[in-house]
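See below for the structure under consideration.
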Amino acid sequence: MPVRILLVDDHPIVRQGLRTLLEGRTGWEVVGEASDGVEALEKVESLQPDVVVLDVTMPRMNGLEACRVMQQKLNENPVEILFVTQHDSPQMMREALDAGARGYVVKSNAARDLLEAVEAVSQHRVFTALARSPQASC
Amino acid sequence: MKLRILLADDHEIVRRGLCALLQKHEGWEVCGEASDGREAVEMAKNLKPDVVIVDIGMPYLNGLDTTRQLLQHDPHFKVIVLTITDSDQVIREALDAGARGFVLKSDAARDLVSAVEALQSKRMFFTPRVNDLVLAGFLDKGHAISRNEPPNLPTLTVREREVTQLLAEGKSSKEVATLLNLSTKTVETHRSNIMRKLSLHSIRDLVVYAIKNNIIQIQMPPQLRTETPVLPH
Chain A
1 MPVRILLVDD
11 HPIVRQGLRT
21 LLEGRTGWEV
31 VGEASDGVEA
41 LEKVESLQPD
51 VVVLDVTMPR
61 MNGLEACRVM
71 QQKLNENPVE
81 ILFVTQHDSP
91 QMMREALDAG
101 ARGYVVKSNA
111 ARDLLEAVEA
121 VSQHRVFTAL
131 ARSPQASC
Chain B
1 MKLRILLADD
11 HEIVRRGLCA
21 LLQKHEGWEV
31 CGEASDGREA
41 VEMAKNLKPD
51 VVIVDIGMPY
61 LNGLDTTRQL
71 LQHDPHFKVI
81 VLTITDSDQV
91 IREALDAGAR
101 GFVLKSDAAR
111 DLVSAVEALQ
121 SKRMFFTPRV
131 NDLVLAGFLD
141 KGHAISRNEP
151 PNLPTLTVRE
161 REVTQLLAEG
171 KSSKEVATLL
181 NLSTKTVETH
191 RSNIMRKLSL
201 HSIRDLVVYA
211 IKNNIIQIQM
221 PPQLRTETPV
231 LPH
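Line order of the protein sequences matches chains A and B.
Heads up, the final residue of the first sequence is numbered 138 in the numbering used here, and it's a clean run with no missing numbers.
Heads up, the final residue of the second sequence is numbered 233 in the numbering used here, and it's a clean run with no missing numbers.
In structure tokens:
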């Protein structure tokens, strides 16, 4: 199933790493990149991706705030948001899901969890996996 | 013959990004990847890469101590340190450890290729801010940044720094002993020596010391809505 993905992380090298993982999957396309929450909001509007892969800690506007604003603005057609973050914290994960995200994985395990996570959230299923609890819940 | 590069970063995603960047360059080859400092040191001894790129914040053995151990083993290793911060202290420690390149992770996509090219040509590479600090050091000897000037810290041995990092990461003495192939009693002795040398009284103090001195790295998360703000008293 084709999936159009927007990557949002303030480190270009991380975005490159995410891209190499995601573009290995047939039919998946990285349609754009953003380096902070403000740029992410602009690109979600212009590119209309199926999934936004979103970092938490970013300049100008962090990922949690960007997620809230995105879901408010796109109220009738919400975009699926997957957080990929350094923060291996149940509290942060709860906050992310409350903000309207469908998925949450930690960067230290992104190579293991990312593809499954994007597949799940693109099908509107929840996917969460902290490093502390290796079993993913979806 | 291709320039052989060893990558050391605890995040596979970052290593993939670095690989993709470096392998576009004809004549370069990523000969190995390590996910922590101890693995990086072992791999470097076996693979003898031309350049080693180390993340500053890795588990078990951080990037600065990895650099020190690599250069103790063989002073010909050329090391580029990748860091999320360019604080004066980190810069000073990276230079003192013997790094020949210093690149901010946020600028790695822009600067890393230039850094490797510089080291390939037997030059050093530092971000503009580091260059400014080094120059300021030459102009003002009161704040000299010099490889011969020791950091203004109590002196821990290499082993003590390793133990400090592992304890600050939350490992028990028994776990540290297993990782370092020591007896628990030896680790306990190191622990006592560390606490005495640094005038620390608890593991919490040790963690604070490790963070302040870049032995471990933390990234502060944004304030959560569910958190009660901590008021100063």
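Note that the Cβ used here is the ideal one computed from N, Cα and C, for glycine as well.
Quick check: the Cα distance between residue i and residue j, rounded to an integer number of angstroms?
i, j, result
"residue 30 (chain A)", "residue 89 (chain A)", "27 Å"
"residue 48 (chain A)", "residue 24 (chain A)", "21 Å"
"residue 43 (chain B)", "residue 34 (chain B)", "7 Å"
"residue 71 (chain B)", "residue 124 (chain B)", "15 Å"
"residue 148 (chain B)", "residue 21 (chain A)", "A caution first: residue 148 (chain B) carries a pLDDT of 41, below 50, which makes its placement in the model too unreliable to give a value."
"residue 46 (chain A)", "residue 15 (chain A)", "19 Å"
"residue 103 (chain B)", "residue 109 (chain B)", "10 Å"
"residue 144 (chain B)", "residue 136 (chain B)", "Model confidence at residue 144 (chain B) stands at a pLDDT of 43, short of 50, so the residue's coordinates are unreliable; what they give is reported in the following sentence. The alpha-carbon atoms of residue 144 (chain B) and residue 136 (chain B) are separated by roughly 7 Å."
"residue 142 (chain B)", "residue 160 (chain B)", "Confidence at residue 142 (chain B) is low in this model, with a pLDDT of 46, below 50, so its placement is unreliable and the value that follows should be read with caution. C-alpha separation (whole angstroms): 30 Å."
"residue 10 (chain A)", "residue 80 (chain B)", "21 Å"
"residue 178 (chain B)", "residue 192 (chain B)", "18 Å"
"residue 18 (chain A)", "residue 114 (chain B)", "23 Å"
"residue 204 (chain B)", "residue 12 (chain A)", "35 Å"
"residue 213 (chain B)", "residue 12 (chain B)", "25 Å"
"residue 57 (chain B)", "residue 208 (chain B)", "15 Å"
"residue 146 (chain B)", "residue 64 (chain A)", "Unreliable placement is indicated for residue 146 (chain B), whose pLDDT of 44 sits below 50; no coordinate value is reported for it."
Quick one: give me the first and last residue of the beta strand (DSSP E) that residue i is part of.
i, result
"residue 56 (chain A)", "Looking at the DSSP string, residue 56 (chain A) is not in any beta strand (DSSP E), and its letter there is neither H nor E."
"residue 6 (chain A)", "3-8"
"residue 103 (chain B)", "101-104"
"residue 99 (chain A)", "That residue, residue 99 (chain A), is in no beta strand (DSSP E); it is neither H nor E in DSSP."
"residue 128 (chain A)", "127-129"
Starting from residue i and walking both ways along the alpha helix (DSSP H), at which residues does that stretch end?
i, result
"residue 34 (chain B)", "Not the alpha helix (DSSP H): residue 34 (chain B) falls in the beta strand (DSSP E), residues 28-34."
"residue 78 (chain B)", "Where residue 78 (chain B) is concerned, there is no enclosing alpha helix (DSSP H), although the beta strand (DSSP E) it sits in stretches over 78-83."
"residue 95 (chain B)", "88-97"
"residue 179 (chain B)", "173-180"
"residue 108 (chain B)", "108-120"
"residue 203 (chain B)", "203-212"
"residue 193 (chain B)", "184-198"
"residue 123 (chain A)", "Looking at the DSSP string, residue 123 (chain A) is not in any alpha helix (DSSP H), and its letter there is neither H nor E."
"residue 161 (chain B)", "158-168"
Is the beta carbon of residue i sitting closer than 8 Å to the one on residue j?
i, j, result
"residue 119 (chain B)", "residue 98 (chain B)", "no"
"residue 256 (chain B)", "residue 216 (chain B)", "Past the boundaries of the shown model lies residue 256 (chain B); chain B is included only from 1 to 233, so the question cannot be answered."
"residue 120 (chain A)", "residue 105 (chain A)", "no"
"residue 185 (chain B)", "residue 156 (chain B)", "no"
"residue 7 (chain B)", "residue 30 (chain B)", "yes"
"residue 70 (chain A)", "residue 41 (chain A)", "yes"
"residue 93 (chain B)", "residue 64 (chain B)", "yes"
"residue 66 (chain A)", "residue 37 (chain A)", "yes"
"residue 108 (chain A)", "residue 10 (chain B)", "yes"
"residue 101 (chain A)", "residue 82 (chain A)", "yes"
Given 8 Å as the limit, is there contact between the segment 49-56 of chain B and the segment 51-67 of chain A, that is, 3 or more CB pairs closer than that? Contact between the segment 49-56 of chain B and the segment 51-67 of chain A is absent: fewer than three C-beta pairs spanning the two stretches fall below 8 Å.
Restricting to runs no shorter than 3 residues, where is the beta strand (DSSP E) found entirely within the segment 10-88 of chain A? Segments of the beta strand (DSSP E) lying fully in the segment 10-88 of chain A: 28-34, 51-54 and 80-85.
Taking contact to mean at least 3 C-beta pairs separated by less than 8 Å, is the segment 14-31 of chain B in contact with the segment 26-45 of chain A? Judged by Cβ distances under 8 Å, the segment 14-31 of chain B makes no contact with the segment 26-45 of chain A, as fewer than three pairs qualify.
Which runs of the beta strand (DSSP E), 3 residues or longer, sit entirely within the segment 1-76 of chain B? Complete beta strand (DSSP E) runs here, min 3: 3-8, 28-34 and 51-55.
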